[in-house]
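See structure below.
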Amino acid sequence: MYSHVAFGLLVALSSVLCANSNSNSDTWKVSKPVDALIPPKVSPVLGRLVLGTDTREPLETGSLRAAPKSAQYSRWRNTYGRETYFDYGTNYDSTSRVAPSSGTDTSGGLPYTITEARLQAIRSQFMYWFFDQGGDDGNGDYQKDIHSSSPQIHKNFNFQLPFFGFRFNYTRLSMHGYLQFSDPPPHYTYPLSFPNQDWPKQNDPSFIGIFFSKCRIGSIRPTDIDQRPPGVYFRMERDLQTRTDQMGVEMRERLTWDIRTGVVGADNFTPKHSAIITWKNMSFAGGIDNSLYKTNTFQMVLATDEVYTYAIFNYANIQWTSHTEAGGDTTGGEGGVPAYIGFNAGNGTRSAEYKPYSQTSAIRDLAGRGWANGFPGRHIFRIDENILLGTCNKDIAGANLQLMFAPENGNMLGGTVVNITGPCFTPDMKVRCRFDIEDVVGTVVDTNRAICVQPFVMAEGYVILDVAVGDGAYNWKGKYFIETPATATQRIFFDTEAIHYKNPTEIKMSWDSKNLTSLTTASVKIELYGYRETTIRPELLLIDTIEEGITNSGRYTIVPANYKNRDNYLTSDMRFGFLKLSLTNPTQYSGLSVSPVLWSRPIPIGWYFGPQWERMYGSNWANTMCDNWVMNDRYLKNFAAEISQCPCTLDHALADKGRFMPDFDCDRDTNPLCRYNKGAVQCVKTGSPSLEGSEQQCCYDKNRYLMLSYDQQWGSRPRRSHNFGYLPWIEANKVPTLSQWYHDMSPFYLCCLWQEEQSVGCETFRFERRPSQDCVAYQAPYVATVFGDPHVITFDGLEYTFNGKGEFVLVHSDTPKFKLDIQARFEKLPNNFYGEVRATQLTSVAARDNTSAVIEVRIRPAIAQWRYRLDVFADGKRVYFDRPALRVQHFPGVTVYQPMYILNQSQIIIMFQSGAGVEVVENKGYMTTRVYLPWKFINQTRGLMGNWSFDMTDDFTKPDGTLAAVTNNLNNFERLHKDFAIYWLLEDREDTMKGPSLFFREYRRTASYYANKTFVPEWRKTPEEIIPSNRTQDIVYANAFCGDSYQCKFDYAVSLDRDLAFYTLKYQDAYTSIKTINKQRVITCGILETPRFGRKSNFFFTPGTKVTFECNQDFVLVGDQRRTCTSSGSWDVPLYGYTECLRFEEYSMRSIGPTVLIICLVIIPLFVFLVCSSYRLVKRRIKNNATILTNRTRPVELTRSRNVMSSDDIEEIKELNPSRETEVH
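Heads up: the sequence shown runs through residues -18 to -1, 1 to 1207, numbered per mature numbering (1 follows the signal peptide of the UniProt record, and there is no 0).
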């Protein structure tokens, strides 16, 4: 709840310790002046201002201090038997008891200027001003109308006083030691207990109790120094921020510095209005006459800027503790039940009792403890939203007391200076702080304050902050919120995009100089840190000091060329890092250097390492480093199968509240720049890490369609590591933000942003290592809702009305794989003009998934909604979403966030790791809840929202599994109520068929407190049945305003509340719209890759889409030039093959293949045929020639043979071949 501490101001204020003391070892000492850290306007005053220069003796650790002679004092004997002088600061001008006129200018018409001496003088006085003379009636601030017969009077503030979540512009000033804002019960019983358990049957008053006990006005003796009359004094000083008169300026400055130095986290507070209420010499009721001299004197100072409110309790003297009705004796006011000290919000809401003093014997110690501003007896509280203690509790074990610290959150990288209040510190006390598992040594600033500097903590969300004092154990505990570096409050800004360039010439950075110190001439240093995960233990290491000793002007220009000759061989493998700003000369506290630290968001560090990488890898170092990353990433496990599928359209993505939340790096409401997804109008991401610790990202273009990395480098990209990290956070790949930048963001620079989009590295990144997943398999969740007084629509769409009173089960799923419980509280509507309203409304929702934290969202009372509309509890602790770094909070198994465009906590979204989601919306005091379930919950739900089975007939399943026979008669509200819905009522005894009650129990209000089985609601349905016939105007209005909505008509007829009817109609329409969107089926043809060195005419993927491909200059298109998405949800079959864009050379080289093939298939067979034919012809010719030659030579041979043949041979031839006889012859 506190704003970030401007530590320079803190050091200036809190390093000034109790001085001017005569004590030895227990005297506070200042090691050196702190003027250098104070804003020039107040430096002369604060530089030598001593917080401990009160005029009273420190009752235990200090020595008696001399009192200024000019001041008036009363003399008291304290509980230790020692006489002490109390400076009441009664004289406005140190001599007069006369009240100044409001707005009087005492400087001759010139604005009054307070001097150092004057501010020191008035701040050295314990009590604030109160006057008994002057004013309109001559009585100053004295309230003469308050006495025994009239113990309280009404006072109008005429300004808004925030108190305990409410706001009041009036009060009732009581003689009995409190300011009251609402009516009390008829009588009190002791000991007092708040809030009143019988509310609303009995009043539960809202009050601020400084000493809540029955008092009467006491008496003073003639010998008393302070002769102002006993009684009650009341003074208001308004419009302090614009006042220039002496009283206005002095009140503003005194309150400002008393609160800033007295309460951690109040460093920027400036009061606007104030009230001083003093109870002087008050005795106890019921005592004897002599007891009138047994008196207490105490004072309450209220200061507010109408957003924050602080209360100062000054206890000047405590001589009695209880009155006779509370069991005290009649002479000394001792025994019995002592007075109540504390605060009650009223209306049965919250209270805060100031322990250990309230209603215990330790109440006597109020005047000797507190030590706010160095004064014993002064106690300070912040009281606007919660009651936060600003002072210590001495000698009390911290296990039973509240640890206060501010700020309550810090950057994971460390350096946040955390101011701690709780234990009472001594100068030489040892202080140890443990943030989660990291231990640091703190240092003491003053009695009420110690400092611990948050170390580097690898964690996110709420962690335990333990504090140990001395040699004791870690008894003081609180919850500290660790911001991830990517979402932490931005402290360092860059004027241009140069930090993201590969080789920028200059980088201009700026910061708010007051976040380091209020002194603009102080010197600061700028350091560069880097991160790596080369082993299982991640490392965040100092790379280099960029500059040291520069003036804290809030601006600096980095010239990367100055670092081109650096040689950081030990850290040159780091790819991203952070810039860190800190003071060159930190303040020393007991040997501990204390300096605030400002961190940048994660940044690439190519501007620093570029020249070194060029020497290592050559001029194309980005490509080489990208290749190295690709090689390493291929060895890691594939994570894409474990993450949720992206929806096809932005409407689907925004309506899937259980799985997807806005990605604040590309959010149309808060960050439309979209540096990493240019052209997108909105990106979403999974709200919880997958079982592998991964994250899905889905981005959408102006056509509201999913952007794919296959189309362009700006498309959606899944991420190996989630921004929230994954338990245990201290290992590689699991560190919040840092692992995501190491595995997913810095490679994007190396492979794409610092190379051509169509380079091999970028396409490997886009198509292989971080490719978008198409939305073909996406299934939209089903939604059920409850709204109005109340009306339920189940997951299967069954609508009915149930006006039960108590806590009921909306959804219960208990299977070995999934365990989900969502519960609702219904409370009775307030009465209307005509009397009782027999109907109820939704006032709280609690949910848990498997072993997740329990999240409860509860509507605040109407008069407490001025700042926050809803209260949110995480495992019983109130959490707030009022700062950008706290808009998204991750708890075990669940992520809770408030949309960035919501400022009043009126819409809360709960996202469970299973994909189930719960959305709670509030308007004008009326809530609705919508539950989103993924398809894995089909046939696994029971409760008022039915069994999700796509069949309405089994929605009315009772806890024992039987069906209620009322499905066919939904208009019979009575039967539906008695036969089905009332069975899902939660009771104090746990029922395994319903699940345990999840609601956070305050003030012993169990389920039975809210339950009422005998409550009889309105059974009738229509306005004509409910509204008497003589009020026809209301009947006409209901029918005209509500149209066809029977829910709206019913709500107006029952309550006559137009707001209720209007928001019933609005919530019903919102549900109908979401249901319509989720039921729209988007047919998609899936991924159609853009060819390398080419482009697509459009990136649509729905039926009917025609995509034309084109190539860059000097490239040739190969394959189909056009593809069409068919109605069946697939791209048409390419006729000419896969589409590519080839260089001319590549195209020519690729064309040789078909040419050669043609040659091989045509010319070679022809050649073979020709050769074969030629061979056969040649062979035939040779044979023919041989035959001719034979024929020519045969007659000669025969003639020769004839000459040598015998007669016997001739005869043999004839016998063998008679036909050749002639030839032979």
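By construction, the Cβ of each residue, glycine as well, lies at the ideal position given by its N, Cα and C atoms.
Computed from a prediction, not measured in an experiment: that's the story for all the values here.
When the beta-carbon positions are compared, Lys126 and Leu155 stay at least 7 Å from each other. Assignment of beta strand (DSSP E) within the segment 413 to 484, counting only whole runs of 3 or more residues, yields 413 to 417, 420 to 428, 431 to 435, 443 to 451, 458 to 465 and 474 to 476 in chain order.
DSSP places Lys562 within a strand segment (E or B) once states are collapsed to three. Contact check for Asp864 against Val836 fails: the beta carbons are separated by 7 Å or more. Pro1116 and Arg1105 have their C-alpha atoms some 7 Å from each other. Taking the Cα positions, Glu1006 is about 10 Å away from Asn1021. By the beta-carbon neighbour count (other beta carbons within 10 angstroms, threshold 16), Thr277 is buried. In the displayed model, Thr767 falls within a strand according to three-state DSSP. Rounded to whole angstroms, the gap between the alpha carbons of Ile365 and Lys639 is 35 Å.
For Ser1055, the enclosing alpha helix (DSSP H) has its first and last residue at Arg1040 to Lys1061. Closest in C-alpha terms to Lys254, from the list Gly244, Arg220 and Arg236, comes Arg220. Within a 10 Å sphere around the beta-carbon of Thr517 sit fewer than 16 other beta-carbons, which makes this residue exposed.
In the three-state reduction of the DSSP assignment, Arg699 falls in the coil class, being assigned neither a helical nor a strand state. Leu395 is classed as buried because its beta carbon has at least 16 other beta carbons within 10 Å across all chains shown. When DSSP states are grouped into helix, strand and coil, Asn1021 belongs to the helix group.
DSSP places Pro177 in the coil class of the three-state scheme, outside both helix and strand. Membership of His773 in any alpha helix (DSSP H) is not indicated; the residue belongs instead to the beta strand (DSSP E) covering His773 to Ile775. Under the DSSP definition of a beta bridge, Ile402 partners with Phe387 and Ala432. Of the other Cβ atoms in all chains shown, fewer than 16 fall within 10 Å of the Cβ of Pro798; this residue is therefore exposed. In this structure, Tyr160 is the residue among Glu677, Tyr160 and Ala635 with its C-alpha nearest to the C-alpha of Pro187. By the Cβ test, the segment 705 to 719 is not in contact with the segment 745 to 758, since fewer than three Cβ pairs between them sit closer than 8 Å. A straight-line Cα-Cα distance of about 59 Å links Glu98 and Asn814. According to DSSP, residue pairing for Val758 in a beta bridge does not occur.
Check the Cα spacing between Trp966 and each of Ser931, Leu926 and Leu952: the tightest is with Leu926. The Cβ atoms of Ile890 and Gln880 sit closer than 7 Å to each other.
With respect to Tyr444, Thr767 sits apart: the two C-beta atoms are not nearer than 7 Å. By the Cβ neighbour-count rule, Gln679 is buried, with 16 or more other Cβ atoms within 10 Å of its own.
By the neighbour-count criterion, in which a residue is buried when 16 or more other Cβ atoms sit within 10 angstroms of its Cβ, Val998 is exposed.
In this chain, Glu1092 is not harboured by any alpha helix (DSSP H); it is covered by the beta strand (DSSP E) spanning Lys1088 to Cys1093.
Here the alpha carbons of Thr469 and Thr502 stand approximately 28 Å from one another.
Looking at His872, Gly372 and Tyr290, the one whose alpha-carbon comes closest to that of Asn250 is Tyr290.
Note that the C-beta distance between Asp726 and Arg701 is below 7 Å. In the three-state scheme derived from DSSP, where H, G and I count as helix and E and B as strand, Arg154 is classed as strand.
Assignment of Thr487 by DSSP, reduced to helix, strand and coil, places it in the coil class. Taking all protein chains shown into account, Lys787 has 16 or more neighbouring C-beta atoms within 10 Å of its C-beta and is therefore buried. For the set Pro405, Phe475, Trp261 and Leu174, the Cα lying nearest the Cα of Gly454 is the one of Pro405.
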